[in-house]
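Numbering (the UniProt record's numbering), first residue to last: 1 to 350. Cβ coordinates follow ideal geometry from the N, Cα and C atoms, glycine included. Step one of this worksheet: look at the structure below.
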């Protein structure tokens, strides 16, 4: 049996049926459903595709900067955005997870993303998950296989042709009926992308695609507001943890370090494509004193049969910035050696 609320997206690469999580994200589900009902998403592009990561759509301007919530279009309302609905019950654990693509907290409009692989854990707790693709994984694979430019835009447009609400038990708000067009907008049928004669052969094309990957990923992170200034200085309340066992999980690490005080975030850095641990993490405390106590107690301690390395994130500022900008490089022995003696003068341990 189908969930209580569902939407069909007819796209240029196949149909996607999205089941909605109304109990966990009622406002986001209502927003998505009613925008579909007024055909707001018709002819929108998946304007950004990051292979094996996410695909973003829902901006009628197709720039990644536009779009408004349904609450901005109803009589007497002027809310372009609505607030986050972050549920601890919903994670980016399965391929086809659907969530709001907001740049800042509580600024959800019309844009959404769909995950293109399992376990995109670093997005948990940052964006409102409101659905999952129940049918159409083949279409997702086609989106994932798109050739894209350096900004992540597919060379061959991937377009939402039509939206159909399959199940909607929610009553329509006042004024919505006037926004529903008498007929669906005519679908835009894009010409097939063709390489020009004399253009690069397949090997050169693959090389070109590889060189654009890093910039494309950075662009995607910027759209989700996960990309700060490159020269930002790590706060005093951030710890750098290295030499982790690959089996150690974020939750395990957070449980251990939360003994020293409230934690804002605890994230093991993972390979963006495979999800494998890169064996280092950043733990952000709510205050500096708790961070310092954790540093003095935890350096050289054993977690999951591995003796860990702990220092302040200021000691590895370049690595910290690579993490914050989505460039998940592996930690080298030089990184650890250079970190000793840095970071508010306490160095690498006891």
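Here DSSP, grouped into helix, strand and coil, assigns residue 141 to helix. Assignment of residue 40 by DSSP, reduced to helix, strand and coil, places it in the coil class. Closest in C-alpha terms to residue 279, from the list 129, 309, 255 and 288, comes 309. Note on residue 63: under 16 other CB atoms within 10 angstroms of its CB, so exposed under the neighbour-count rule. Between residue 179 and the set 24, 128, 40 and 16, the nearest pair of CA atoms involves 40.
The residue from 132, 143, 303 and 15 with its alpha-carbon nearest to that of residue 100 is 132.
Assigned with DSSP and collapsed to three states, residue 27 falls in helix. Closest option to residue 35, judged by alpha-carbon separation, among 307, 299, 173 and 92: 173.
Counting the other CB atoms within 10 Å of its CB gives residue 19 a total of 16 or more, which places it among the buried residues. Residue pairing of residue 167 in beta bridges, as defined by DSSP: 6. Residue 238 sits close to residue 312, with the two beta carbons spaced by under 8 Å.
Our two residues, residue 85 and residue 244, have alpha carbons roughly 32 Å apart in a direct line. Of all alpha-carbon atoms in 139, 127 and 70, the one lying nearest the alpha-carbon of residue 91 is that of 127. For residue 159, the three-state secondary structure derived from DSSP is strand. In this model, residue 61 and residue 156 are separated by some 17 Å (Cα to Cα). The Cβ-Cβ distance between residue 16 and residue 139 falls below 8 Å. Secondary structure at residue 113: strand, using DSSP grouped into helix, strand and coil.
Counting the other Cβ atoms within 10 Å of the Cβ of residue 108 gives 16 or more, which makes it buried. Between residue 158 and residue 13, the C-beta spacing is below 8 Å.
Within a 10 Å sphere around the beta-carbon of residue 266 sit 16 or more other beta-carbons, which makes this residue buried. Within the DSSP bridge table, the entry for residue 280 names 242 as partners.
Exclusion of the five residues before and after residue 254 leaves 263, 266 and 283 as the residues of its chain whose Cβ lies within less than 8 Å of its Cβ. Residue 20 is bridged by DSSP to 131. For residue 119, the three-state secondary structure derived from DSSP is coil.
Between residue 94 and residue 121, the C-beta gap is not smaller than 8 Å, which leaves the two residues out of contact.
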